[in-house]
């Protein structure tokens with residue numbers, strides 16, 4: 001019964017997750033069950049829905065999901081249930097469920113790409129699975145072997161990929177959302193003893209090329225997204241809800257996202273829920289070098305984005321002769337100064353939802369930074385990086401980051 | 001059909017909420033409906049459950065709720081639905097619901113007290129209703145008139161109070177949990193266009209007198225609960241889930257709660273999810289004055305607790321000749337120093353769940369602060385404040401803070 005959802009990438013799925021527990025520390029004799037994708041059961045829908053075109057699927061105020069989802073429940077004593085692929089539908093939660101009160105929740109976002117060669121690919125799903133483990137343990141949800149999560153993600157796309165992302169939709173994608181929530185129906189601030197993992201696949205609009213580029217408004221002085229000692233590096237719900245107020249305010253003023261600054265120095269951290277990059281030339285006195293700059297991971301303020309990581313790797317491998325790749329704290333003041341001095345070359349946001357999205361303007365406390373767009377698109381380095389990534393995602397370039405889904409026969 | 005759920009307190013329900021929108025700014029002609037408790041509909045359970053005794057109700061890992069709950073849904077276009085009192089049961093949420101991903105959620109906690117005079121009372125429910133509005137708008141959920149929320153809370157207790165908190169259980173309480181969640185089934189980091197308010201009533205264990213007092217462990221240096229510019233003052237889920245990891249660690253070490261410190265100075269903020277108080281004598285060089293000290297509200301790091309506020313008010317009214325009431329930033333270093341110099345008199349945590357709970361020990365980076373307990377209870381001021389509060393809650397003292405629920409005839 002099990003479909004052949006196999007990792008066919010030449011890249012071995014990482015077998016280590018630094019400093020994170022892969023299991024919950026139970027011994028072999030206990031009744032505790034680990035998450036095990038090989039046990040996945042299949043209950044297919046008897047009522048497959050019509051597959052909408054991409055535009056109409058993204059026009060409404062509800063996300064259109066595919067026919068199926070995968071779920072697995074967890075209990076602190078018995079461990080992980082047998083994962084199930086089953087018809088997509090509502091979840092039943094008690095009003096006292098932990099997730100509804102204490103934000104015991106985390107998620108991942110990745111896309112499945114229908115390649116120009118007809119194949120269906122995920123992009124570095126091992127990175128998402130490992131980060132989900134990191135997020136889960138940060139928010140006191142259970143541990144699991146991330147390879148099992150990766151296999152479940154592949155299994156969902158093996159079933160719903162062929163019909164929902166058909167071979168004639170080359171260059172299109174679906175959005176995958178693994179989510180883990182605390183379900184224990186008990187009030188009181190405590191780590192949940194029960195949880196539910198679910199994975200959905202859905203349509204999502206293309207957001208990587210807004211007309212005129214992405215326009216950013218820096219965060220208000222009295223609002224901070226994440227802080228040292230907090231959880232800005234984890235993909236937990238608690239990072240998102242509190243950010244909406246500033247985003248709404250920025251949108252009212254005609255901006256797309258908030259550029260989140262940190263501390264009295266005004267360090268640049270994230271653009272909306274994406275990582276933020278600038279390309280500038282250092283002052284002549286410092287050598288006039290071209291640099292691709294983004295915030296560092298070591299203070300744990302920002303998300304260790306898969307797109308961010310890939311952009312940095314590609315830039316180091318393929319642009320080393322043209323620019324330096326720099327991960328360091330840098331301030332909005334430095335960006336302003338570079339702009340005034342004509343040294344700010346390009347800027348973009350990078351993440352799964354926004355992919356590589358050119359930034360055309362930043363408003364900061366009365367000052368406007370304009371960043372030139374070329375023919376309505378980003379500058380040459382932004383475009384190069386974006387095209388390289390796209391080629392890997394859609395199979396124009398065979399690369400270990402593109403993991404082919406072995407699709408279930410229809 | 002509507003029961004007489006009427007505020008019979010002599011205290012007028014506050015008609016102003018500073019700087020907060022009471023409605024969503026729609027004009028009278030729009031189809032938008034405000035939350036309106038007078039429209040409440042009643043669907044009674046046909047299967048009332050046996051009411052357990054308090055001890056067995058609190059023994060398990062699930063919260064036992066009463067027979068009914070109140071729900072009202074909200075849509076950005078049509079506004080608030082007619083609120084419904086209906087049988088308690090599970091909620092149905094789409095896997096893409098905002099609350100499950102982005103922590104668009106907030107809640108309140110208050111208790112209903114069966115008085116020694118047989119009456120059923122809430123304690124300052126207007127304060128909870130107003131804070132819920134503050135939390136809701138902070139987390140980009142809808143506004144409402146807090147008086148309507150207060151009326152709905154009273155209505156639930158009017159129906160379930162007589163059977164679930166019967167007149168022969170004098171001195172007992174039920175726990176009320178109004179909750180508001182974002183339900184819009186759309187992925188993407190945005191303010192939800194749909195939401196659900198629900199109010200439950202349940203059993204909750206008594207936590208105000210743990211054997212030997214509450215033992216606190218200060219927060220790890222690399223973990224911060226809330227920060228200036230954050231949302232520590234709002235009762236949103238995002239404040240709780242991320243705190244669980246440190247709490248679990250503290251419990252493994254034999255402590256009950258975390259004393260959350262802030263900044264390199266180590267300012268004392270909250271004890272677990274409660275406000276934190278110390279009573280000390282200032283050094284002789286500073287007059288040797290007796291002070292009740294707690295963290296201030298102005299930097300928005302801590303919750304504006306109803307118990308905190310009431311303790312401060314009672315202390316100012318009734319203990320003014322004995323001690324000074326001080327709201328200011330103070331550090332763990334000052335507490336340590338007071339302890340070493342024999343000037344630390346008492347300490348307690350204050351909140352709805354823990355009521356006024358004596359603190360007997362604080363562990364801070366290798367040092368132990370011991371705070372004397374008297375006959376296993378808190379010191380004289382802790383006990384005085386607690387007893388005054390209890391007398392108001394349970395009707396031994398007639399006070400405007402005690403709001404009598406006019407119970408529905410059985």
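Protein chains in written order, with the UniProt record's numbering: chain A, 1 to 410; chain B, 1 to 410. Here a beta-carbon is modelled for each residue, glycine too, at the ideal position from N, C-alpha and C.
Legend entry - Neighbouring residues, chain A, relative to residue 222(B) (Cβ below 9 Å): 228, 229 and 300
Legend entry - residue 173(B) versus residue 138(A) - alpha carbon distance: 34 Å
Legend entry - chain B residues whose Cβ lies nearer than 7 Å to that of residue 107(A): 101
Inset, instruction - To the nearest angstrom, report how far apart residue 254(A) and residue 46(A) are at their CA atoms. - result: 46 Å
Legend entry - Identity of the residue in 331(B), 318(B), 38(B) and 301(B) nearest residue 265(B) by Cα: 331(B)
Legend entry - Opening and closing residue of the beta strand (DSSP E) in which residue 86(B) lies: 84-87
Legend entry - CB contact check: residue 393(A) to chain B, cutoff 9 Å: no
Legend entry - Buried or exposed by the 16-neighbour rule on C-beta atoms within 10 Å, applied to residue 114(B): buried
Inset, instruction - With residue 317(B) as the anchor, note down where its alpha helix (DSSP H) starts and where it stops. - result: 306-318
Inset, instruction - Check the Cβ-Cβ distances between residue 31(B) and every residue of chain A, and say whether any is below 9 Å. - result: no
Legend entry - For residue 3(B), three-class secondary structure by DSSP: Confidence at residue 3(B) is low in this model, with a pLDDT of 39, below 50, so the placement of that residue should be treated as unreliable; the coordinate-derived value is given next. In this structure, residue 3(B) counts as coil in the three-state DSSP scheme.
Legend entry - Amino acids of chain A, ordered along the chain, whose beta-carbon sits closer than 7 Å to that of residue 198(B): 95
Inset, instruction - Taking the CB atoms as reference points, tell me whether residue 407(B) and residue 158(B) lie closer together than 9 Å. - result: yes
Inset, instruction - Please report how far the alpha carbon of residue 74(A) lies from the alpha carbon of residue 142(A), in whole angstroms. - result: 8 Å
Legend entry - 8 Å contact criterion, which residue 178(B) and residue 197(B) should meet: CB distance rounded: 7 Å
Legend entry - Any beta strand (DSSP E) of 3 or more consecutive residues that is wholly inside the segment 138-200 of chain A: 173-182
Inset, instruction - May I ask you to verify whether the segment 209-217 of chain A touches the segment 373-383 of chain A, counting CB pairs closer than 8 Å and requiring at least 3? - result: yes
Legend entry - Where residue 105(A) sits in the DSSP three-state scheme: strand
Inset, instruction - Return no unless some Cβ of chain A is closer than 9 Å to the Cβ of residue 69(B). - result: yes
Legend entry - Assigned secondary structure, residue 322(A) (DSSP; H/G/I helix, E/B strand, else coil): coil
Inset, instruction - Answer with buried or exposed for residue 4(A), where buried requires no fewer than 16 other C-beta atoms within 10 angstroms of its C-beta. - result: Note that residue 4(A) scores a pLDDT of 37, beneath 50, so its modelled location is shaky and nothing firm can be said.
Legend entry - Identity of the residue in 386(A), 251(A), 207(A) and 229(A) nearest residue 55(A) by Cα: 207(A)
Inset, instruction - Compile a chain-ordered list of the residues in the segment 247-278 of chain A whose CB is closer than 8 Å to at least one CB of chain B. - result: 247, 248, 272 and 273
Legend entry - Straight-line gap, residue 152(B) to residue 267(B) (C-alpha atoms, nearest Å): 38 Å
Inset, instruction - Within 10 angstroms of the Cβ of residue 409(B), are there 16 or more other Cβ atoms? Answer buried if so, exposed if not. - result: exposed
Legend entry - Residue-level contact to chain B via CB, residue 62(A), 9 Å cutoff: yes
Inset, instruction - Can you give me the start and stop residues for the alpha helix (DSSP H) that residue 279(B) sits inside? - result: Premise fails: residue 279(B) lies in the beta strand (DSSP E), 274-281, not in any alpha helix (DSSP H).
Legend entry - Proximity test, Cβ basis, 9 Å: residue 412(A) and chain B: A query on residue 412(A) cannot be resolved here, the shown segment of chain A reaching from 1 to 410 and no further.
Legend entry - Within chain B, the residues that residue 244(A) reaches when beta carbons sit closer than 8 Å: 102, 104, 139, 140, 189, 190 and 191
Inset, instruction - Find the residues of chain A that neighbour residue 181(B), judging by a C-beta separation of less than 7 Å, and give them in chain order. - result: 100
Legend entry - For residue 183(A) and residue 248(B), the rounded distance between their alpha carbons: 18 Å
Legend entry - First through last residue of the alpha helix (DSSP H) which encompasses residue 380(B): 380-393
Legend entry - Runs of alpha helix (DSSP H) wholly within the segment 46-103 of chain A (minimum 4 residues, chain order): 54-57 and 98-102
Legend entry - Collapsed DSSP secondary structure at residue 335(A) in the structure displayed: helix
Inset, instruction - Give the residues from the segment 48-59 of chain B that approach chain A closer than 9 Å (Cβ to any Cβ), ordered along the chain. - result: none
Legend entry - Which residues DSSP lists as bridging residue 348(B), in chain order: 277(B) and 358(B)
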